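If you read the sequence shown in the numbering used here, its first letter stands for residue 842, the second for the next number, and so on.
Glycine is no exception: its CB is placed at the ideal position from the N, C-alpha and C atoms.
Here the structure is a predicted model, which is why all the values come from computation and not from measurement.
For reference, the structure is listed below as structure tokens.
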Amino acid sequence: LAENIYPNTDNLLERLHQLHNDFPVQSKTTHLRLLHRTFFSYKSTAKVSEIAMEFNVKIVRLPVRHCCLNPIELCWANLKENERQDNTRFQLTDVRELAAQFITSYDSDAATKVIKGTQEIQNKFKIAYRCMEEKIDPMLDDEKSSEESDVVSSDDE
């Protein structure tokens, strides 16, 4: 980075081979796979889960870039939709100008609407989850217990 050369996979792999002659990964594809696996194992949520359990907090984990409950992702989606509608020449300068116009026009009212929208969707999810816990889970538990009793009674025979 001191030379203003930004690292890419080829540079990284080359540097690893220079520093460590016995570096086991030879191919770029294998290296990318290992990085991908390491990234996901590195982002372990075990410690967060432990702390949440300690304070009796339930954490809702969303898929990455799940926009319906994330106001920032919704703003990003609005920007992309605006670009699609207004961009007719598909040149990078037009994209920059349209993005700048969108960002400057995005005032507190627009941000408030996005946040309220995500809160409404969150409330719908909470209602659905509560309904599932109150109505569907007991039915599943009853089914499970009846299946277990069938297994126990067949073992008795």
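Short of 8 angstroms from the beta carbon of THR959, and not among the five residues preceding or following it, lie these beta carbons of its own chain, in chain order: CYS909, LEU910, ASN911, PRO912, LEU915. Annotation for GLU855: the continuous alpha helix (DSSP H) segment containing it runs 850–860. PHE864 sits away from LEU875, with the two beta carbons spaced by 8 angstroms or more.
Each of GLN867, ASN862, HIS861 was checked against the Cα of THR850, and the nearest Cα belongs to GLN867. A contact between stretches requires three or more CB pairs, one per stretch, nearer than 8 angstroms, and the segment 915–926 meets this requirement with the segment 939–952. The Cβ atoms of GLU922 and ALA940 lie no closer than 8 angstroms to each other. For ASP927, the enclosing alpha helix (DSSP H) covers residues 912–927. Residues THR850, ASP851, LEU854 of the same chain have their beta carbon placed closer than 8 angstroms to that of LYS869, with the five preceding and five following residues left out of the count.
Here LEU920 is near PHE943, since their CB atoms are less than 8 angstroms apart. From the listed residues THR871, ILE900, LYS888, HIS861, the smallest Cα separation to LYS967 is found for ILE900.
Judged by DSSP in its simplified three-state form, TYR947 adopts coil rather than helix or strand. Only exposed fits VAL898, as fewer than 16 other CB atoms lie within 10 angstroms of its CB.
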